[in-house]
Amino acid sequence: MELKTKMKAEEGKQEVFITREFDLPLELLFRAYVEPDIVEQWMGTKVLNLECKQLGSYHFETSDPHGNKFSLIGVIHEFIPNYKITRTFEMENAGYGVQLEFLEFEKLTEDTSKLHMHIVFRSTFHRDQMLEIPFAYGLSMAHDRLQLIVKQLK
Amino acid sequence: MQLNAYTMKLRRDVFQALADPTRRAILLLLASQSMTAGAIAANFDSARPTVSKHLQILTECDLLAQEQSGREIHYFINGKKMKEVAEFIEPFRSMWEGRFSKLEALMKKYKI
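Just so you know, the sequences run in chain order A and B. Its first residue numbered 1, the first sequence is counted upward by one per residue in my numbering. Its first residue numbered 1001, the second sequence is counted upward by one per residue in my numbering.
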C-alpha cells in the first residue's frame, strides 16, 4: 500500500522530514495554511490568532482527552505565498522546547501539489520526546505490547 | 479516490485494533505459531463469535493473514505489517496522515 504521508527521522539526528502529495492545486493547499477557519478544521485546534506575514505570530489552542488546554504558539519568520513558510513552533509550558519548521509548497501539476516539512528540534532528546506525543493519547500501552510481539517474531 | 479513503481508514484502524486487550492477547498467542479460530477461542472466556469478530478486525487491518489448510483455516501474524506499525515514528506519521487527509478532503470543496 502506498503511504501518502512519508516521514524520515534518522537515528541520532535532531530533525524530521515529512512529505505529502495532495490531489489539490498548489493554491488550495497553501490556502489551508492561511485561513483560520480552515486551519481549525484540519488541525483540530482553535485558532486564536494567525498573522500570515513576515514577523507575524500565531496562537492555536487545543485540548487533550482529559480536557486540559494547551497553547500552540510561534512566530512566522518567512512568508512567501504559494511557496514557503518558515516558522517556530512551541507547545507552551509542555517542556518540549521550541522547534523550527520549514514548510515548502511545490506545484506538481495543475491539480496536484506536494508539501515538504522539515522540522528541526533543539536536540535529539527533544525530537524523540516529540515523536512520542501521539502515545500520550492512549496508544502508549498498545505500543509497548506491540514491541513485545515484534520481538517474539524475530 | 474512493480506494484511497478506504485504505486510509484501514490505516487508522490499526491502532484502534491494537488498543483492545483481547486482540493484543490474540496477537501474542499467534506470535509463536499459526492457529485455527477454534484453537484461538479455546484460550479465551469470550464467546466464540466474539473471538471471531476480533479475528476479523485483525485480519481487516492486515495484522493477521489466513491460510487454508485442508478444511481448516489457520490464522498467522503478518510480520511485515507488525514491524511497520511498531516502528517508532509510525504514530507521529499517522497523526500527520490524519490531519493531511482532512485537509485534502476539506479543500476539495473549494475553488481557486
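A virtual CB, placed ideally from N, CA and C, is assigned to each residue, including glycine.
Task: Three-state secondary structure (DSSP) of A1065 (chain B) - done: The residue labelled residue 1065 (chain B) in the question sits at position 65 within the second sequence. DSSP places A1065 (chain B) in strand when its eight states are reduced to three.
Open item on the list: With a threshold of 8 Å on Cβ separation, who are the neighbours of W1096 (chain B) within its own chain once the five nearest residues in sequence on each side are excluded?
Closed with: As a first step, residue 1096 (chain B) is located in the second sequence; it is residue number 96 there, counting from the start. So no residue of the chain qualifies.
- [ ] Closer than 8 Å, Cβ to Cβ, to anything on chain B: give me those residues from the stretch 22-34 of chain A, in chain order.
- [x] For chain B, the residues of the stretch 22-34 of chain A that bring a beta carbon within less than 8 Å of one of its beta carbons are F22, D23, L24, P25, E27, L28, L29, R31, A32, in chain order.
Task: R1099 (chain B) in three-state terms, based on DSSP - done: Residue numbering aside, residue 1099 (chain B) sits at position 99 when the second sequence is read from its first letter. The answer is helix: DSSP assigns R1099 (chain B) an H, G or I state.
TODO: For L1010 (chain B), name the three-state secondary structure that DSSP assigns.
DONE: Here residue 1010 (chain B) refers to the residue found at position 10 of the second sequence. In this prediction, L1010 (chain B) has a pLDDT of 45, which is less than 50 and means its spatial position is unreliable; what the coordinates show is noted afterwards. Three-state result, L1010 (chain B): helix.
Open item on the list: For the stretch 1095-1106 of chain B, list every residue whose C-beta sits within 8 Å of some C-beta in chain A, in sequence order.
Closed with: Hits within the stretch, in order: M1095, W1096, E1097, R1099, F1100, S1101, K1102, L1103, E1104, L1106.
TODO: State whether the stretch 1068-1079 of chain B contacts the stretch 1015-1030 of chain B, with contact taken as three or more CB pairs (one from each stretch) at a distance under 8 Å.
DONE: yes
Task: 8 Å Cβ cutoff met for M117 (chain A) and E101 (chain A) - done: Stepping through the first sequence from its first residue, residue 117 (chain A) is reached at position 117. Stepping through the first sequence from its first residue, residue 101 (chain A) is reached at position 101. Contact: yes.
Task: Identity of the residue in A:K84, A:N68, A:K69 nearest C52 (chain A) by Cα - done: Taking the first residue of the first sequence as position 1, residue 52 (chain A) is located at position 52. Out of A:K84, A:N68, A:K69, A:K84 has the C-alpha closest to the C-alpha of C52 (chain A).
Open item on the list: Between the alpha carbons of I18 (chain A) and R1023 (chain B), how many angstroms are there, rounded?
Closed with: In the first sequence, the residue the question calls residue 18 (chain A) occupies position 18. In the second sequence, the residue the question calls residue 1023 (chain B) occupies position 23. Rounded to the nearest whole angstrom, the C-alpha separation of I18 (chain A) and R1023 (chain B) is 31 Å.
- [ ] List the residues of chain B whose Cβ lies closer than 9 Å to the Cβ of A94 (chain A), in chain order.
- [x] Position 94 of the first sequence, counting from 1, holds the residue named residue 94 (chain A). In chain order: nothing, as chain B lies at least about 15 Å away.
Task: Under the three-state DSSP convention, the category Q41 (chain A) falls into - done: For the purposes of this step, residue 41 (chain A) is taken as residue 41 along the first sequence, with counting starting at 1. If DSSP states are grouped into helix, strand and coil, Q41 (chain A) belongs with the helices.
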